[in-house]
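J.:
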Amino acid sequence: MKSESFLNLGAGKDILKPVGYPMEHPDKRIFKVNVDSGYHPGEVLHYTDIEKGYDAFIEKGTRATNQTHYSNINAFDFLDKCKIQFDGIIMYRFMEHIGRSSLLYFIYLLSTSIKQGGLLDIIVPDYSLLARRLLKESVGSPGWENEDIILTTEFCNEPGMPHASVWTTDRAKYYLQLEKRFFVKNIETPFIFDGRDIYMRIVAERL
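In my numbering, the protein residues as written are 949 to 1155.
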């Protein structure tokens, strides 16, 4: 029975569950780590304790039971300090919050935290889709208020957690493949997520 490990960055209090990902396959033992700043201190572990849990999980092999752990430290700090290399890293509606000036360093940190052949599973707004919708909008028309909410949210988000980088299919390939650490295997756009059809889903493999 195979064991796999997954890191879910920006998982949220309700835990963003992977879409079509083999997380709960009956033939696999799963080690999951959810990272989000919103977790209560009483439910999280220090990254060194998560590392110890992973080591014990690997040592037990097929006798290991599924494990789920939580961390509320900054994603940069977790990737930098935690020594686990995961089989997959999931980031849904998270990467657009990484500032352009920090983006390549963040991708480097991702590459150090994932095994060769491991997959990044990313969902971000597709700004090409959003731009086309913005250019076609008719301000004040029936239903425009709902469109305004979508466009304003996805372009800007809230001041406390702004969207800080722009994503299109070409930009995704450029950013992720620039330093030859990842290869973009597939981009699906438009991708419907959380009831909105303005996203794209990127799957990239660690080289």
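For every residue, glycine included, the Cβ atom is placed at its ideal position computed from N, Cα and C.
Kindly indicate the opening and closing residues of the alpha helix (DSSP H) around G1001.
T.: Here the alpha helix (DSSP H) through G1001 covers 995 to 1008.
J.: Does the region 974 to 994 come into contact with the region 1046 to 1056, if we say contact requires no fewer than three beta-carbon pairs (one atom in each stretch) closer than 8 Å?
T.: At 8 Å Cβ cutoff, the stretches do not touch.
J.: My assumption, with CB atoms under 8 Å, is that L1078 sits in contact with T1137. Please give the rounded CB distance.
T.: About 11 Å separates the two Cβ atoms, so there is no contact after all.
J.: Taking contact to mean 3 or more Cβ pairs, one atom from each stretch, closer than 8 Å, check whether the region 1077 to 1095 and the region 1006 to 1023 are in contact.
T.: Because the criterion of three Cβ pairs below 8 Å is not met, the region 1077 to 1095 and the region 1006 to 1023 do not touch.
J.: Determine the direct distance from the alpha carbon of E952 to that of T1010, and round the result to whole angstroms.
T.: Approximately 11 Å between the Cα atoms of the pair.
J.: Rounded to whole angstroms, what's the CA-CA distance from K1000 to D1069? Just pull it up for me.
T.: About 25 Å.
J.: Can you tell me where the beta strand (DSSP E) with L957 in it begins and where it stops?
T.: It spans 950 to 957 - the beta strand (DSSP E) in which L957 sits, taken as one unbroken run.
J.: Who are the near neighbours of G1065 in its chain, counting only those whose CB is closer than 7 Å to its CB and skipping five residues on each side?
T.: Closer than 7 Å at the Cβ level, and outside the excluded window around G1065, lie E1153, R1154.
J.: Going along the chain, which residues of its own chain have a beta-carbon closer than 7 Å to the beta-carbon of F1042, five neighbours each way excluded?
T.: Counting only Cβ-Cβ distances below 7 Å, and skipping sequence neighbours, we find L957, G958.
J.: If we ignore side chains and look at the alpha-carbon of each, how far apart do S1050 and L1083 end up?
T.: C-alpha separation (whole angstroms): 29 Å.
J.: Ignoring anything shorter than 4 residues or poking outside the region 1049 to 1095, list the alpha helix (DSSP H) runs there in chain order.
T.: Those alpha helix (DSSP H) runs which fall completely within the region 1049 to 1095 and span 4+ residues are 1075 to 1084.
J.: Select from G968, K1063, L1052 the residue whose C-alpha is nearest the C-alpha of D1035.
T.: Comparing Cα-Cα distances from D1035 to each of G968, K1063, L1052, the minimum goes to K1063.
J.: Does T1116 pass the burial test, meaning 16 or more other C-beta atoms within 10 Å, or should it be called exposed?
T.: When all chains shown are included, T1116 counts as buried.
J.: Kindly list the residues whose CB is nearer than 6 Å to the CB of K1133, restricted to its own chain and excluding five residues on each side of it in sequence; keep chain order.
T.: Result list for K1133: V1151, E1153, in chain order.
J.: Here's a check: name, in chain order, each residue in its chain whose Cβ is nearer than 6 Å to the Cβ of S985, leaving out the five neighbours to either side.
T.: Excluding positions up to five away in sequence, the list reads N1020.
J.: With DSSP collapsed to three states, give me the class of Y1018.
T.: In this structure, Y1018 counts as strand in the three-state DSSP scheme.
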